[in-house]
Structures are given as C-alpha cells and as structure tokens.
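Trainee:
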Amino acid sequence: MEVQKGDRVMVNVAPFIGSVLRGNELIPCEVIDADELRALVRTEPPYREVTLWVLSSWIEEHPRRKQELLASLDA
526 MEVQKGDRVM VNVAPFIGSV LRGNELIPCE VIDADELRAL VRTEPPYREV TLWVLSSWIE
586 EHPRRKQELL ASLDA
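The letter at position 23 of the sequence shown is residue 548 when you use the working numbering, and the numbering goes up by one with no holes.
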C-alpha cells in the first residue's frame with residue numbers, strides 16, 4: 526500500500542509487540558516518513574506515543590490524508 530507523509534493509517538499491532546503473526550487489534554498512526562517498502566509511523570491517542578518503522582504490509586486500512594480529515598470535519 527502506498528502511503529505518504531501525513532497520512533493517517535491503521536497498523537496491525539504485530540510490529541509493535543515484536544510478533545511475526547498478525548494480531549486482531551489495529552493501532553491508529555500518522556505516517557512521518559515513507560519509502561517504497563516501509564513507513565515510519567507514530568501512534569496516535571489513546572496509545573502512548575511510539576515511533577516505529579513498519580513494513581507497508583502491516584498497514585491494513587487505506588490512508589486518509591490530513592486534508593481529507595479536515596474537510597470531512599467541516600462538512
């Protein structure tokens with residue numbers, strides 16, 4: 526999945542707990558940086574702030590950009 530800086534995504538819990546198996550929980554994150562294979566994500570509340578490089582395969586929900594989120598709040 527292609528993501529860009531500023532995207533809001535849901536990341537599987539597995540890379541945060543060091544597991545190779547997918548978990549059932551998704552963690553809301555903001556993309557801080559990204560390349561073709563991975564993304565640097567920072568967790569959002571209510572989770573404690575953690576910044577972590579994750580493979581893009583761990584990102585499970587389509588990105589929402591800040592502009593889209595702000596526009597949806599104004600509507």
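All C-beta atoms in this analysis are idealised placements derived from N, C-alpha and C, irrespective of residue type, glycine included. Small disclaimer: the values here were computed from a predicted structure and weren't measured.
#1: My parser needs the alpha helix (DSSP H) runs of 4 or more residues fully inside the segment 531-563; what are they?
#2: Pull up the distance between the alpha-carbon of Glu-561 and that of Glu-527, whole angstroms please.
#3: Just the Cα atoms here: how many angstroms apart are Pro-570 and Val-545?
#4: Can you find the residues in the same chain that come closer than 8 Å, C-beta to C-beta, to Tyr-572, ignoring five residues on each side of it along the sequence?
Mentor: In short, the structure shows the following:
#1: Qualifying alpha helix (DSSP H) stretches, in chain order: 539-542.
#2: Taking the Cα positions, Glu-561 is about 7 Å away from Glu-527.
#3: Approximately 24 Å between the Cα atoms of the pair.
#4: Excluding residues within five positions, the ones whose Cβ falls inside 8 Å are Ile-552, Pro-553.
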